[in-house]
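Residue 453 in UniProt numbering sits at position 453 of the sequence shown, and the numbers go up by one each step.
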Amino acid sequence: MLLSMVDENTGPPVSMGRTVGAAGSYDSYFNIVFLSTQHFKKQVSLVVEPYWTAPNVFAFSLGFSWLVFLWKQYLMYRQYRVYVVNEFIPSDIGNLMEQKYFAKARSYRIDLTRFAFVHDTFSRVLTTIILTLNFGPKLWNYCGDLVTSAGYSRKNELLRTALFVLIGSVVSILISLPWDLYATFKIEEKHGFNNMTLRFYVWDKIKKFVVTQLITLPVVCGMVYIVKIGGDNFFVYLWAFMFIVTCVIMTIYPDLIAPLFDKFSPLPKGQLRSKIEALAKSLNYPLTKLYVVEHSKRSAHSNAYLYGMFNSKKIVLFDTLLKGSNEKTAQREEPTDSNAAEPFRIEDQEEKQEYGEDRIKFRRRNIDSSEEKGDDSKNCTDDEILAILCHEFGHWKMWHVAKRFTILHIHMLISFIIFASLYRNTVVYEAFGYFGEMPVLIGMLLILEYIFSPYNVVMDFLMTYYSRKQEFEADDFARKMHCASYLRQALINLNKDNLGFPLNDPLYSAWHHSHPPLQERIQALGKNE
1 MLLSMVDENT GPPVSMGRTV GAAGSYDSYF NIVFLSTQHF KKQVSLVVEP YWTAPNVFAF
61 SLGFSWLVFL WKQYLMYRQY RVYVVNEFIP SDIGNLMEQK YFAKARSYRI DLTRFAFVHD
121 TFSRVLTTII LTLNFGPKLW NYCGDLVTSA GYSRKNELLR TALFVLIGSV VSILISLPWD
181 LYATFKIEEK HGFNNMTLRF YVWDKIKKFV VTQLITLPVV CGMVYIVKIG GDNFFVYLWA
241 FMFIVTCVIM TIYPDLIAPL FDKFSPLPKG QLRSKIEALA KSLNYPLTKL YVVEHSKRSA
301 HSNAYLYGMF NSKKIVLFDT LLKGSNEKTA QREEPTDSNA AEPFRIEDQE EKQEYGEDRI
361 KFRRRNIDSS EEKGDDSKNC TDDEILAILC HEFGHWKMWH VAKRFTILHI HMLISFIIFA
421 SLYRNTVVYE AFGYFGEMPV LIGMLLILEY IFSPYNVVMD FLMTYYSRKQ EFEADDFARK
481 MHCASYLRQA LINLNKDNLG FPLNDPLYSA WHHSHPPLQE RIQALGKNE
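Now the structure itself:
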């Protein structure tokens with residue numbers, strides 16, 4: 001069927017029913033997207049135009065940001081009441097945590113929430129002052145003065161943009177520094193998590209700032225340049241540019257950037273390494289490197305993750321996850337039930353075909369989530385670490401990262417299309433005090449952060465829900481690998497080690513938790529095997 005689209009401002013129809021050269025195909029595609037964007041813009045303008053004034057845009061943007069802030073404060077208050085009211089662990093979850101750890105977690109979360117109340121309020125008031133008093137336009141004009149004093153044209157937008165980002169980053173760090181110092185050296189240290197010295201902290205901040213600017217400045221200037229020269233279809237080129245940037249950063253960050261901040265060492269040869277390599281092989285996971293990151297210099301929090309693209313995959317374990325694991329494993333009793341299902345292997349024939357034929361056998365031990373542990377019992381046993389990795393392998397097997405990556409870039413393309421429809425509109429800039437100029441970066445910040453904020457709020461909530469769904473799916477993958485008992489105990493250990501509070505307000509959890517609460521995950525894993 002021959003389809004054609006005609007617009008009085010764009011010339012002859014664009015045919016979609018015939019085969020043309022590669023260049024013609026791309027031009028047709030771009031024109032179709034452009035015409036759709038123009039049509040969308042016209043339809044929206046008919047509804048919005050009577051209300052599209054600078055005062056209204058500013059009032060809506062500021063009002064909506066305050067509405068979201070008050071909603072989040074309300075949710076945080078609901079969760080705070082959960083902490084305050086529950087002084088003792090309920091009997092129905094007594095198997096998840098002992099009372100002394102419950103009390104420690106409660107105290108930690110109360111301190112964090114009180115801090116968040118004050119910090120978030122300060123940030124919202126400060127942002128309101130900055131917007132109301134036009135500090136953004138003043139900084140942009142100051143950057144123009146600096147460019148002029150250096151002998152360059154005031155119209156050199158790339159140079160002004162770089163200065164705006166650099167100065168804005170410095171100001172942002174100086175404002176947030178006292179809060180971060182208090183959170184790190186007061187709250188985190190009080191509850192036994194902070195392991196940084198002040199010298200380490202300062203040096204770490206300096207390195208982060210330098211690396212961030214080395215990445216951010218070229219990327220931002222590249223985005224501005226593309227918008228300036230890209231014509232009506234610039235949003236397609238801008239999206240392609242950001243797609244490439246994202247892939248490059250994902251590739252180089254683990255090997256080139258992350259080691260600048262933490263020490264990565266190969267996991268020593270031994271029983272744990274052999275088991276991990278065998279487990280990866282059984283699932284056809286293309287493991288190339290297995291690292292331990294020295295996170296203990298920074299914090300006592302623990303974690304594990306997979307990374308890498310295509311056939312070059314790596315595994316990283318926090319050293320805080322490993323300490324004492326071998327000793328604890330050695331203290332466990334050997335299995336007495338010879339008929340118990342072997343962990344870390346697939347029994348179902350269809351699942352074997354999907355996840356790989358090879359089987360990996362590890363000794364079986366009976367785990368009960370109510371198992372007693374000593375006061376200094378932190379971190380996980382070898383089999384619990386393997387169960388955690390089974391969960392991570394589940395994310396990989398079910399393409400969770402790829403799906404989220406796809407959603408991210410669809411969202412990014414939509415954002416750029418909306419930006420393309422609005423960034424030449426003077427009302428957007430005048431609403432926030434920018435008169436006579438329409439800088440690309442400023443327009444992008446205003447449109448995507450403020451005018452586009454209702455869409456962002458909805459997307460954030462949906463992505464939080466989707467993330468929880470993926471976590472349940474990864475847990476179920478581990479269950480199918482017959483390590484539900486190990487994963488259950490690992491989750492309990494990690495929750496205890498990180499002072500996670502086992503009770504949650506349902507509204508707060510639904511809005512904020514990208515990972516399901518501990519109770520829900522334990523229930524989903526079912527009874528002990």
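Just so you know, even glycine gets a beta-carbon here, dropped at the ideal spot from N, CA and C.
Where LYS289 is concerned, the enclosing beta strand (DSSP E) starts and stops at 287-293. Under the three-state reduction of DSSP, ALA420 is assigned to helix. Per DSSP, TYR51 lies in no beta strand (DSSP E) segment and is marked neither H nor E. With respect to ARG479, LEU525 sits close: the two C-beta atoms are nearer than 8 Å. Within the same chain, and ignoring the five residues on either side of TYR108 in sequence, the residues whose Cβ sits closer than 6 Å to its Cβ are HIS191, LEU499. By the criterion of at least three beta-carbon pairs nearer than 8 Å, the segment 124-136 is not in contact with the segment 97-106. Rounded to whole angstroms, the Cβ separation of HIS395 and ALA304 is 12 Å, and the two are not in contact under 8 Å. Residue state for LYS313 is assigned as strand, using DSSP reduced to three classes. PHE58 and ALA431 do touch by the CB rule: their CB atoms are close to 4 Å apart, below 8 Å. In this structure, DSSP gives GLY63 a helical state, which the three-state scheme calls helix. Straight-line measurement puts the Cα of LYS297 at about 6 Å from the Cα of MET196. Under the DSSP assignment, PRO266 falls in the beta strand (DSSP E) whose first and last residues are 264-266. Taking ILE167 as reference, the option from GLN271, GLU87, CYS143, GLU384 with the minimal CA-CA separation is CYS143.
Here PHE318 is bridged, per DSSP, to VAL293. Its Cα nearest to that of LEU386, the residue LEU279 stands out among HIS301, LEU279, LYS228, HIS513.
Pairing VAL211 with LEU260 gives a Cβ-Cβ distance under 8 Å. Shown here, LEU283 sits in coil according to DSSP, grouped into three states, outside any helix or strand. By DSSP's assignment, SER299 forms a beta bridge with ASN194. THR113 is positioned such that its CB atom lies closer than 8 Å to that of TYR83.
Taking a cut-off of 8 Å for Cβ pairs, the segment 272-287 and the segment 215-226 do not touch, as fewer than three such pairs fall below it. Within the segment 132-202, the complete alpha helix (DSSP H) runs of at least 4 residues fall at 135-149, 157-182.
Distance check between ALA103 and each of LEU306, LEU67, VAL85, MET459 places VAL85 closest, using alpha-carbon atoms only. In this structure, DSSP gives LEU499 a state outside helix and strand, which the three-state scheme calls coil.
Of all alpha-carbon atoms in PHE405, ILE451, ILE276, the one lying nearest the alpha-carbon of LYS289 is that of ILE276.
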